[in-house]
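Here's the structure we're looking at; comments come further down.
Residue numbers (my numbering): 2 to 256.
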């Protein structure tokens, strides 16, 4: 009798373990940790341009745009988690009741909620993370949003009396580079000309360009795909926001 039960259990299909609990929170938090410096560099570049045109005082740290960085760190974990797991990687890996080879780990060729599936479809995973980040930066353009209002308050507090009546002159048309290795190009954003705008108006223009600057930070200014990596048709190859080797190793630590 016992032998029969044992043989019956062996005949049952093996059910792959899903990425749940600690796997979900751990993977989400690791992507946030890696994406946060990219967002910070983009915000610093944008703020530097804002300061150069308004003449407002600044420091090496984020001043006026710091509320946007705080909002990203607050919003990203829940948005990443929602978009990655219930949004795409979920469900069983079985095909006709049988687990495909490589499932659950290390390389599961079926879209399902396992670490191996996330690694196999990593190009999709990094695209989801980038898309979530871009959506957050796009939300900052809403002038009624909390971080936008907080940034505006900082601008007003630092502005001289009657700042709203004061004219700020454009001096140049290229953004400061994000880093020594990669820069955010702004060809076509502003032509060299003399034009008066107030700080609030220019704040809006800088924030509206954050998603574009994020794309350039993650893809490089040329947006080419010379290294042969799989390229997402919508977001580019995301070569500087991939971390494929490191993230696959991280994800596969979970069963």
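The C-beta atom is built at its ideal place from N, Cα and C for all residues, glycine as well.
For residue i, the three-state DSSP class (helix, strand or coil)
i: residue 99; result: strand
i: residue 56; result: coil
i: residue 117; result: helix
i: residue 1; result: Only positions 2 to 256 of the chain appear in this structure, which leaves residue 1 out of reach.
i: residue 237; result: strand
i: residue 62; result: coil
i: residue 133; result: helix
i: residue 106; result: coil
i: residue 34; result: helix
i: residue 209; result: helix
i: residue 203; result: helix
Span separating the alpha-carbon of residue i from that of residue j
i: residue 160; j: residue 57; result: 7 Å
i: residue 105; j: residue 80; result: 25 Å
i: residue 118; j: residue 248; result: 13 Å
i: residue 157; j: residue 238; result: 39 Å
i: residue 145; j: residue 210; result: 17 Å
i: residue 96; j: residue 121; result: 16 Å
i: residue 147; j: residue 99; result: 50 Å
i: residue 84; j: residue 49; result: 32 Å
i: residue 114; j: residue 134; result: 21 Å
i: residue 68; j: residue 101; result: 46 Å
i: residue 243; j: residue 252; result: 14 Å
i: residue 103; j: residue 126; result: 18 Å
i: residue 78; j: residue 32; result: 9 Å
i: residue 72; j: residue 141; result: 9 Å
i: residue 283; j: residue 124; result: This structure cannot speak to residue 283, because the chain is shown only from 2 to 256.
Assigned exposure category for residue i - 16 Cβ within 10 Å defines buried
i: residue 220; result: buried
i: residue 250; result: exposed
i: residue 26; result: exposed
i: residue 34; result: exposed
i: residue 150; result: exposed
i: residue 38; result: exposed
i: residue 40; result: buried
i: residue 236; result: buried
Check your understanding: Can you list the alpha helix (DSSP H) stretches of 4 or more residues lying completely in the region 70-94, in chain order?
Key -> With a minimum length of 4 residues, no continuous alpha helix (DSSP H) run stays inside the region 70-94.
Point to revise | Three-pair Cβ contact test at 8 Å for the region 46-65 versus the region 20-38 | key: no
Review point. Do the region 207-217 and the region 34-51 touch if we need at least three Cβ pairs shorter than 8 Å?
Key: The region 207-217 vs the region 34-51: in contact.
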